[in-house]
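For the sequence shown, this note's numbering puts the final residue at 477, and the numbers step up evenly by one.
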Amino acid sequence: MNNNELWQSVLAQMQLYISKANFATWFQNTEVISRENEKIVISVPNAFSKEWLSNKYYKLIFKTIYDIDSTIKELAFVINPKSLKNLIINNATDSEKTNIDQLKFDEFKVNKDTNLNPRYIFENFVVGSFNELAHAAGLAVSENPGSAYNPLFIYGGVGLGKTHLTQAIGNKINTDHKKKKVKYISSEKFVSSIVNAIRSKSMESFKESLAPIDVLIVDDIQFFAGKNKSQEEFFHIFNSLYEKNKQIILSSDRPPNAIPELEERLKSRFEGGMIVDISLPDYETRLVILKTKIQEKNLKLSDDILEYIASNIKKNIRELEGALNSLSIYYKANNNVPDLEVVKKLLKGFVFSPFSVTNYKKIIEVVSKFYNLEEKTIFSQTRRKEIVKPRQVAMFLLRKELKYSFPAIARKFGGKDHTTVIYAYKKILKEIEENNKLTDELNLIKQRVYSG
Ligand code: ADP
Ligand code: MG
26 MNNNELWQSV
36 LAQMQLYISK
46 ANFATWFQNT
56 EVISRENEKI
66 VISVPNAFSK
76 EWLSNKYYKL
86 IFKTIYDIDS
96 TIKELAFVIN
106 PKSLKNLIIN
116 NATDSEKTNI
126 DQLKFDEFKV
136 NKDTNLNPRY
146 IFENFVVGSF
156 NELAHAAGLA
166 VSENPGSAYN
176 PLFIYGGVGL
186 GKTHLTQAIG
196 NKINTDHKKK
206 KVKYISSEKF
216 VSSIVNAIRS
226 KSMESFKESL
236 APIDVLIVDD
246 IQFFAGKNKS
256 QEEFFHIFNS
266 LYEKNKQIIL
276 SSDRPPNAIP
286 ELEERLKSRF
296 EGGMIVDISL
306 PDYETRLVIL
316 KTKIQEKNLK
326 LSDDILEYIA
336 SNIKKNIREL
346 EGALNSLSIY
356 YKANNNVPDL
366 EVVKKLLKGF
376 VFSPFSVTNY
386 KKIIEVVSKF
396 YNLEEKTIFS
406 QTRRKEIVKP
416 RQVAMFLLRK
426 ELKYSFPAIA
436 RKFGGKDHTT
446 VIYAYKKILK
456 EIEENNKLTD
466 ELNLIKQRVY
476 SG
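Structure, rendered in structure tokens:
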């Protein structure tokens, strides 16, 4: 049995033990590259796979291999030298360094036809439990655009990788399926194009320009909230592409059913496909993200510094990157790696005190924003359903998160009878027991309330 045959049978076995999503995430692009006596060397696409496979799957892989060939006593994982990351590690040769500069230069070159940024690719997208489902679904879509999951709807908070992932799908389709026409559009751009087309009476030609597209990516569609005319036109565009089995990929900061003022028919269209979320990376994953990024940036930082960043910057991946950028600037200016004390000073702006809790203002601000209301509206006396619910949610959170007394909450809401507040609290409590949608909404709101 040669190395390839051995690895293929291991992969076949692994598929029996672990979920499809996990398999796609961790075993894609792995192979056995050499065998030295009792040791098998497995190549993996990036540092994250290496860490994950050697920590979480070592035993399982080893047992599977051992069952096939009991002369093997040891496994080693190495990062595939052909993969992007290795181009960027420290000991690159001169010609490789030119490549790196080229890569950095390319980062800014957005493709004119597709609007995709070549920086956003799967190879530099770190996968962990916080995003593994979204990643697996994205990979499946890029392999079978139009037939795997349609539409694919990815949601999650700011800076957690929605744009990166949706563009990585687009870039992969663009590379692997050369004939498919991919187009990435932010919702903001989409809405303004629709508004312009209406104004200049050129809607038909705008629609015609979209007709040949095989893969349409629309980012941040919460931006459609309340924009009725744009929603209506988008509905028609969506349908005509969908009917032709064209792939549609959407992202938003919340699930479709939590987007206020989104037409029912659009919601049900979005819900007709696959909905996946990206949540917050945990400490371990933040550490892996940092390790991957410093390799890319050719920045050497000690473990205690990385651990400090991972334990103090929790908001999102964009902030982790921001922190590394600050350190990278320091490094370039001083030609010296900062020590932990300097790092603490440099990152003051990023780090929130671990004791920082939420407050009244923050809760009102987040709840109003979430439901697309002005803050003063939430305090108005109206009984309109779309305002009563956010008001009850705000009351509930003031009680639950800040332990405000019921009369204190009543005073904040214009001196209402405090039994109204008790009613609101109980109502929300009961509803989250019965209704997953509200639970999801509250989780998203809480995430934002506490994310600084
Ligand atoms: P969002 O669109 O959800 O606000 P972005 O996709 O813009 O977030 O991500 C913010 C930054 O974090 C980007 O620079 C992106 O490359 C990086 N990033 C996000 N997710 C990942 C990931 N899983 N692995 C590596 N980098 C990531
Ligand atoms: Mg984005």
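In this text, a Cβ means the ideal position worked out from N, Cα and C, and glycines have one as well.
Chain D within 8 Å of residue i, Cβ atoms only
| i | result |
| --- | --- |
| residue 325 | This model lacks chain D altogether; it includes just one protein chain. |
Contact test: residue i Cβ vs the ligand ADP heavy atom, cutoff 7 Å
| i | result |
| --- | --- |
| residue 233 | no |
Selected residue, minimal CA-CA separation from residue i, among the options
| i | options | result |
| --- | --- | --- |
| residue 50 | 177, 88, 162 | 162 |
| residue 43 | 82, 68, 100 | 82 |
| residue 431 | 446, 418, 419 | 446 |
| residue 155 | 64, 182, 350 | 182 |
| residue 166 | 464, 193, 86 | 193 |
| residue 191 | 141, 349, 296 | 141 |
| residue 78 | 401, 297, 47, 61 | 47 |
| residue 246 | 287, 264, 236 | 287 |
| residue 441 | 453, 404, 467 | 404 |
| residue 135 | 153, 180, 196 | 196 |
| residue 367 | 329, 105, 397 | 329 |
| residue 454 | 414, 320, 443 | 414 |
| residue 362 | 387, 326, 92, 345 | 326 |
| residue 80 | 100, 64, 61, 94 | 100 |
| residue 298 | 94, 392, 178, 449 | 178 |
| residue 468 | 388, 37, 29, 168 | 388 |
| residue 24 | 398, 360, 317 | Nothing about residue 24 can be reported from this structure: the residues present for the chain run from 26 to 477 only. |
| residue 423 | 72, 401, 237, 470 | 470 |
| residue 235 | 344, 261, 180 | 261 |
| residue 315 | 52, 72, 28, 41 | 72 |
| residue 369 | 232, 168, 390, 335 | 335 |
| residue 28 | 52, 53, 61, 41 | 61 |
Residue i beta carbon near the ligand MG (any heavy atom closer than 7 Å)
| i | result |
| --- | --- |
| residue 244 | yes |
8 Å contact criterion, which residue i and residue j should meet: CB distance rounded
| i | j | result |
| --- | --- | --- |
| residue 96 | residue 39 | Rounded, the Cβ-Cβ distance is 20 Å, inconsistent with contact. |
| residue 103 | residue 66 | 6 Å |
| residue 333 | residue 365 | 6 Å |
| residue 352 | residue 371 | 6 Å |
| residue 153 | residue 285 | Actually they do not touch by this definition, with Cβ atoms about 31 Å apart. |
| residue 31 | residue 69 | Actually they do not touch by this definition, with Cβ atoms about 16 Å apart. |
| residue 475 | residue 383 | 6 Å |
| residue 1 | residue 263 | Because the chain in this structure spans residues 26 to 477, residue 1 falls outside the shown range and cannot be described. |
| residue 479 | residue 318 | An answer regarding residue 479 cannot be provided, because it is not within the stretch 26 to 477 covered by the chain. |
contact_flag[the segment 420-437, the segment 143-159] where n(CB pairs < 8 Å) is 3 or more: no
Chain-ordered list of residues that sit, by beta carbon, closer than 5 Å to a heavy atom of the ligand ADP: 150, 151, 183, 184, 185, 186, 187, 188, 189, 342, 343
Contact between the segment 227-245 and the segment 205-214 (3+ Cβ pairs under 8 Å): yes
Inter-stretch contact at 8 Å, needing at least 3 Cβ pairs: the segment 362-377 / the segment 443-462: no
Cβ contact check for the segment 292-307 and the segment 195-204: 3 or more pairs under 8 Å: no
Segment contact flag, the segment 225-233 with the segment 244-256, C-beta cutoff 8 Å, min 3 pairs: no
Cβ contact check for the segment 412-432 and the segment 356-369: 3 or more pairs under 8 Å: no
The segment 276-295 in contact with the segment 305-315 per 3-pair CB rule at 8 Å: no
At least 3 beta-carbon pairs within less than 8 Å: the segment 173-182 vs the segment 262-273: yes
The segment 185-194 contacting the segment 332-339, beta-carbon criterion three pairs below 8 Å: no
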